[in-house]
Amino acid sequence: MDKIPVGILGATGAVGQRFVQLLADHPWFEIAALTGSERTTGGVYRDVCRWVLDEDIPESIGEMSVRESDASLPARLLFSALPTRAAKSLEPVLAESGFVVCSNASAYRQDPDVPLIIPEVNGDHLALLERQKSNRGWRGLLVTSPNCTTTGLVMALKPLDQVFGVRQVFATTMQAVSGAGYPGVPYLDIIDNIIPNIPGEAEKIGQETQLLLGKFEDGKRMPAEIGLSIQTNRVPLFDGHTVNMSIKFERSPTPDEAIEVLREYRGSGGTAELHSAPEQPVLVRLEPDRPQPRRDRGASKGMSVTVGSIRPCPLLDLRMISVVHNTLRGAASGSILNAELLVSKGYL
Ligand SMILES: NC(=O)c1ccc[n+]([C@@H]2O[C@H](COP(=O)([O-])OP(=O)(O)OC[C@H]3O[C@@H](n4cnc5c(N)ncnc54)[C@H](OP(=O)(O)O)[C@@H]3O)[C@@H](O)[C@H]2O)c1
């Protein structure tokens with residue numbers, strides 16, 4: 001098939017750079033446009049982008065110009081790595097103009113006619129697009145990906161929820177600095193330190209978890225009735241978010257039963273066929289000192305969530321720890337998987 005021309009909105013930021021890296025060599029998509037704020041618009045990408053990834057800027061992309069995020073972009077699909085405020089104003093305008101927008105921003109995740117998707121978990125929620133089309137009358141579409149930490153929590157919970165019914169979750173996060181974008185958290189605040197507050201993050205994680213694990217009935221999503229208590233922390237790591245969690249179930253599994261269910265999980269709705277889908281969305285490590293962000297964030301090219309330390313909990317039922325790569329599965333790669341799902345379902 002001919003490659004679909006795509007644009008990256010906010011291509012100079014932490015997530016935007018991941019999109020550039022991942023899409024430079026994607027078999028279905030071809031980078032046709034890069035956008036930035038007033039600060040970088042009109043410049044050559046290589047000159048205006050403070051590139052922070054280890055691999056060099058892909059040769060074919062470095063000389064491209066950074067453009068404004070407007071209707072003239074020569075693309076059909078737009079990956080949005082815009083900050084919330086810019087996403088709020090630009091994403092609907094671009095969807096109205098006819099682009100299919102796959103967004104990483106939180107601006108529209110809670111809207112009742114905007115799908116919030118992890119393909120393996122709730123790809124069926126894409127059916128909300130019918131409601132979006134009739135409500136909004138846009139020529140294009142808007143689909144969102146969850147917060148990066150939500151992804152690490154929900155992918156670990158989903159297989160267990162299907163079999164044992166999750167009722168309560170008490171979770172503490174340890175989130176890497178790249179999760180705050182570039183330049184992000186000041187060096188003097190984060191080195192030799194933990195910051196026990198990421199504004200708005202715990203609320204987002206709670207609400208998004210309930211939406212993602214909720215049912216889709218009569219054209220609506222019904223949030224899951226799961227009680228969540230979440231505390232978030234910024235820690236001095238480059239990439240990789242860790243979530244320590246205790247879970248209460250409707251039917252309490254033994255650690256061995258939980259391990260078996262997590263290992264057998266392959267996701268729902270034929271998503272395993274998508275180009276970027278990992279063979280196993282969830283990997284289980286049995287070593288007592290895993291998962292570790294530095295060693296496990298790159299599992300399956302950063303697409304699998306790694307779960308370990310699965311033990312009985314003396315207060316709730318089970319304890320475990322998950323690690324997700326925040327700018328890959330938790331952002332750019334997750335969004336690309338959403339776009340592949342849209343292609344496979346005929347929306348593009
Ligand atoms: N970092 C993560 O792990 C992560 C994970 C999941 C979701 N997200 C979400 O993804 C989005 C991007 O996050 P990030 O970490 O990549 O942030 P970032 O490093 O601050 O990058 C923001 C990007 O947006 C551009 N931008 C700012 N205002 C703009 C405007 N008015 N018009 C066009 N472009 C504009 C910036 O361009 P200039 O360089 O030209 O200023 C930059 O490229 C956010 O909504 C964030 O919440 C991030």
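Numbering of the sequence shown is given in the working numbering, commencing with residue 1 and proceeding in unit increments. Note that beta-carbon positions come from the ideal geometry of N, C-alpha and C, so glycine has one too. Model, not experiment: these values are computed from the prediction.
Subject >> Arg263 CB to nearest heavy atom of ligand 1 below 7 Å >> reply: no
Original post:
Under three-state DSSP, which class holds Thr259?
Top reply: Per the sequence shown, residue 259 should be read as Ile rather than Thr. DSSP places Ile259 in helix when its eight states are reduced to three.
**OP:** Look up Lys215 in the DSSP assignment and give the residues it is bridged to.
**Re:** Met222
Subject >> heavy atom of ligand 1 below 7 Å from Gly330 C-beta >> reply: yes
Subject >> Residue burial classification, Ile194 (beta-carbon count within 10 angstroms, cutoff 16) >> reply: exposed
Original post:
How about Ser391 and Asn104: do their beta carbons lie closer than 8 Å?
Top reply: Outside the displayed range of the chain (1 to 348) lies residue 391, so it cannot be described from this structure.
Original post:
Considering only residues of the segment 26-61, which uninterrupted beta strand (DSSP E) runs meet the minimum length of 3 residues and lie entirely inside it, listed in chain order?
Top reply: 29-35
Subject >> Span of the alpha helix (DSSP H), counted from its first residue to its last, around Gly227 >> reply: From DSSP, Gly227 is part of no alpha helix (DSSP H) but of the beta strand (DSSP E) over Gly227 to Gln231.
Subject >> Residue ranges of each beta strand (DSSP E) within the segment 72-155, 3 or longer >> reply: Runs of the beta strand (DSSP E) inside the segment 72-155: 77-80, 100-103 and 141-144.
Original post:
Start and end of the alpha helix (DSSP H) containing Gln168?
Top reply: Gln168 -> not in any alpha helix (DSSP H); beta strand (DSSP E) instead, spanning Val166 to Met174.
Original post:
First and last residue of the alpha helix (DSSP H) that includes Ile190?
Top reply: According to the DSSP assignment, Ile190 belongs to the alpha helix (DSSP H) that extends over Tyr187 to Ile190.
Original post:
Going by C-alpha distance, which of Arg221, Arg297, Ile321 and Thr232 is nearest Leu262?
Top reply: Ile321
Original post:
Between the segment 28-43 and the segment 122-142, are three or more C-beta pairs nearer than 8 Å?
Top reply: As far as the Cβ criterion goes, the segment 28-43 does not touch the segment 122-142, which means the pair count is below three.
Subject >> Start and end residues, beta strand (DSSP E) containing Asn338 >> reply: Run containing Asn338: none in the beta strand (DSSP E); it sits in the alpha helix (DSSP H), Ser333 to Ser344.
Original post:
Name the DSSP bridge partner or partners of Phe249?
Top reply: Val166
Original post:
For the segment 20-37 against the segment 120-136, are there 3 or more C-beta pairs whose distance is under 8 Å?
Top reply: no
Original post:
Going by other Cβ atoms of all chains shown within 10 Å of its Cβ, with 16 needed for buried, is Met222 buried or exposed?
Top reply: exposed
**OP:** State buried or exposed for Met155, treating a residue as buried only when at least 16 other CB atoms are found within 10 Å of its CB.
**Re:** Taking a 10 Å sphere around the C-beta of Met155, we find 16 or more other C-beta atoms and assign the residue as buried.
Original post:
Can you give the beta carbon distance from Arg311 to Pro255, rounded, assuming they're within the 8 Å contact cut?
Top reply: 6 Å
Original post:
Looking at Ser178 and ligand 1, is the gap between the Cβ and the nearest heavy atom below 7 Å?
Top reply: yes
Original post:
Can you pull the DSSP bridge partners for His275?
Top reply: Answer by DSSP bridge pairing: none, since His275 is not bridged.
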